[in-house]
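Residue numbers (the numbering used here), protein chains in the order written: chain F, 1 to 212; chain V, 213 to 463.
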């Protein structure tokens with residue numbers, strides 16, 4: 001096995017472009033969407049108590065069906081949406097159900113006394129959430145949200161089911177036609193690393209900022 | 213004035229309060245004593261709307277708190293109305309329950325700013341003045357975790373006072389403190405009792421404090437008021453054998 005630097009460099013632009021246009025886009029927009037929706041699910045469930053049962057079923061249903069099935073279902077049901085949009089929506093919604101569970105665990109870790117103090121001060125619900133509960137709950141939730149975002153990152157090759165070529169698929173195609181898998185996947189791996197490492201540092205900073 | 217009318221509180225099959233009736237006059241300091249499970253803490257929690265009232269009514273200055281009689285029917289009041297009445301009441305908890313994500317000052321100004329709508333600067337000045345009263349002005353920017361239990365409890369008292377309540381509920385406020393820190397907290401409360409006319413409902417095991425501060429002591433047993441008297445009489449010559457035994461056990 002030989003290493004061909006020139007070849008490695010030559011595939012770099014194509015891989016990077018696939019990475020940025022698909023993998024990064026889907027992961028970033030999808031994660032933000034999942035984080036926002038997940039929070040909505042968690043707060044709704046907590047606020048509605050037992051009346052949130054139907055929502056719970058829907059979330060369980062989404063969580064327990066595979067992503068390829070959801071991709072194909074949404075893609076063929078809403079055929080006016082572009083494949084990339086479908087990808088972002090499905091990943092965002094799918095992972096929001098996982099993130100909702102993480103938020104829920106974080107919210108449940110807040111001692112009852114905090115809610116009671118908020119009631120005793122007559123803080124309105126939105127203020128109780130924003131000023132008291134969430135700042136404390138997010139501290140416990142953030143690492144796990146980061147993990148779900150990474151899981152989403154790693155699930156992006158599923159996009160091939162609806163014909164979207166993200167970086168790993170492109171790398172496989174290049175490897176298949178040139179038989180130079182080593183260079184291709186080394187570059188692909190380095191691109192992943194270059195993206196995840198700064199993200200990890202960013203998450204750590206965010207966690208530190210939330211510490212008190 | 214606080215008025216409990218036919219108040220019943222059940223937790224599942226357990227009846228904690230059974231048809232309770234009593235009134236607390238404005239400015240009065242009432243200490244509630246009794247064995248654990250006798251319902252005294254539940255009374256404070258019902259007033260603070262931390263528990264649902266099973267039956268009956270609670271009135272604050274004639275205004276219904278959580279339930280009212282409308283066309284002969286007992287109906288729950290809207291959360292917004294409850295909140296308005298509840299603002300006259302403040303509470304200090306056994307476990308302090310300060311918000312650990314906020315500084316001391318933020319803990320105290322949060323509700324005045326976001327519930328009463330006070331301008332920030334005014335809320336800040338008021339908070340610092342109250343902190344001065346509880347002897348913690350220099351710790352305004354500290355975080356609760358950096359304070360001792362006694363200091364945290366004094367901040368919690370300041371937080372309740374910043375809402376300028378007419379009624380202050382004190383739920384075993386020294387029970388979670390190391391013995392040597394109890395004195396400072398009680399001193400602050402004595403000072404408040406001396407310099408304000410805030411109505412106080414006190415659940416405590418500190419009998420000397422109860423004697424010094426309160427006008428009236430209610431002895432609870434099994435969800436009923438077994439007897440009530442002025443502190444001197446209650447602590448020296450209780451009427452009931454049950455009360456005598458209880459006082460002997462805790463003194």
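We put the beta carbon where it would ideally sit given N, CA and C, even for glycine.
Handout entry: First and last residue of the uninterrupted beta strand (DSSP E) at residue 358 of chain V
Key = Counting from 1 along the second chain, the entry for residue 358 of chain V is found at position 146. Premise fails: residue 358 of chain V is in no beta strand (DSSP E) and is neither H nor E.
Handout entry: Stretch-stretch touch, CB-based, cutoff 8 Å, three pairs: the segment 198-207 of chain F with the segment 136-151 of chain F
Key = yes
Practice task
Leaving aside the five residues before and after residue 454 of chain V along the sequence, list all residues of the same chain whose C-beta is less than 7 Å from its C-beta, in chain order.
Solution key: The residue given as residue 454 of chain V occupies position 242 in the second chain. Once the five neighbours on either side are set aside, the close Cβ partners of residue 454 of chain V are 433 and 438.
Problem - residue 31 of chain F burial status per 10 Å Cβ neighbour count (16 or more: buried) - result: For this step, residue 31 of chain F is matched to residue 31 along the first chain. Residue 31 of chain F is buried by the Cβ-count criterion.
Practice task
Let me know the secondary structure DSSP gives residue 379 of chain V once reduced to three states.
Solution key: By 1-based counting over the second chain, the position of residue 379 of chain V is 167. In the structure shown, residue 379 of chain V sits in a strand (DSSP, three-state: E or B).
Practice task
Drop a sphere of 10 angstroms on the beta-carbon of residue 333 of chain V, count the other beta-carbons inside from all chains shown, and report buried for 16 or more, exposed for fewer.
Solution key: The count along the second chain starts at 1 and reaches residue 333 of chain V at position 121. It is exposed - the Cβ of residue 333 of chain V has fewer than 16 other Cβ atoms within 10 Å.
Handout entry: Residues that DSSP places opposite residue 226 of chain V in a beta bridge
Key = Against the second chain, residue 226 of chain V aligns to sequence position 14. Answer is V:223, bridged to residue 226 of chain V.
Exercise for the section: Quick one: residues in its chain with C-beta nearer than 8 Å to the C-beta of residue 125 of chain F, no 5 flanking neighbours on either side, listed in chain order? Expected result: In the first chain, the residue the question calls residue 125 of chain F occupies position 125. Taken in chain order, the residues that qualify are 47.
Problem - Pick from V:375, V:354 and V:317 that is closest to residue 329 of chain V, judged by C-alpha positions - result: What you label residue 329 of chain V is simply residue 117 of the second chain in a count that begins at 1. Looking at the Cα atoms, V:375 is the closest of the given residues.
Problem - Alpha carbon of residue 137 of chain F to alpha carbon of residue 309 of chain V, nearest angstrom - result: Position 137 of the first chain, counted from the first residue, corresponds to residue 137 of chain F. Position 97 of the second chain, counted from the first residue, corresponds to residue 309 of chain V. Using only the alpha carbons, I get a separation of about 16 Å.
Problem - Contact the segment 407-419 of chain V vs the segment 242-257 of chain V: 3+ CB pairs below 8 Å - result: yes
Practice task
Would you mind sorting residue 57 of chain F into buried or exposed? The rule is 16 or more other CB atoms within 10 Å of its CB.
Solution key: Numbered from 1 along the first chain, position 57 holds the residue referred to as residue 57 of chain F. By the neighbour-count rule (16 or more Cβ atoms within 10 Å), residue 57 of chain F is not buried but exposed.
Practice task
Quick one: using the 10 Å Cβ neighbour count with 16 as the cut-off for buried, is residue 4 of chain F buried or exposed?
Solution key: Within the first chain, numbered from 1, the residue matching residue 4 of chain F stands at position 4. Flag for residue 4 of chain F reads exposed.
Practice task
Check whether the Cβ of residue 131 of chain F lies closer than 8 Å to any Cβ atom in chain V.
Solution key: The residue labelled residue 131 of chain F in the question sits at position 131 within the first chain. Yes, its Cβ sits closer than 8 Å to a Cβ of chain V.
Practice task
Check whether the segment 186-202 of chain F touches the segment 101-116 of chain F, counting contact only when three or more Cβ pairs, one atom from each stretch, lie closer than 8 Å.
Solution key: no
Problem - Selected residue, minimal CA-CA separation from residue 64 of chain F, among F:97, F:198, F:121 and F:156 - result: As a position in the first chain, residue 64 of chain F is number 64, starting the count at 1. Out of F:97, F:198, F:121 and F:156, F:97 has the C-alpha closest to the C-alpha of residue 64 of chain F.
Practice task
Mind checking which residues open and close the beta strand (DSSP E) that includes residue 200 of chain F?
Solution key: Here residue 200 of chain F corresponds to residue number 200 of the first chain, with the count starting at 1. Counting along the chain, residue 200 of chain F falls outside any beta strand (DSSP E), though it belongs to the alpha helix (DSSP H) covering 181-210.
Problem - Residue environment, residue 151 of chain F, which counts as buried when at least 16 other CB atoms sit within 10 Å - result: Locating residue 151 of chain F in the first chain gives position 151, where the first residue counts as 1. Classification for residue 151 of chain F: exposed.
Handout entry: Amino acids of chain F, ordered along the chain, whose beta-carbon sits closer than 8 Å to that of residue 323 of chain V
Key = Taking the first residue of the second chain as position 1, residue 323 of chain V is located at position 111. 121, 122 and 123, listed in chain order.
Exercise for the section: Would you list the residues sitting across from residue 217 of chain V in a DSSP beta bridge? Expected result: On the second chain, position 5 is the one that residue 217 of chain V refers to. According to DSSP, residue 217 of chain V bridges with V:269.
Problem - Bridge partner(s) assigned by DSSP for residue 439 of chain V - result: Counting from 1 along the second chain, the entry for residue 439 of chain V is found at position 227. BP columns for residue 439 of chain V point to V:431.
Problem - Other residues of its chain near residue 141 of chain F: CB distance less than 6 Å, five sequence neighbours each side excluded - result: Taking the first chain and counting its residues from 1, one reaches residue 141 of chain F at position 141. Cβ within range, chain order: 102, 103 and 106.
Problem - Chain-ordered residues of the segment 306-320 of chain V with a beta carbon less than 7 Å from chain F - result: 307, 309, 311, 312 and 313
Handout entry: residue 285 of chain V (DSSP reduced to helix, strand or coil)
Key = Taking the first residue of the second chain as position 1, residue 285 of chain V is located at position 73. Residue 285 of chain V falls in the strand class under three-state DSSP.
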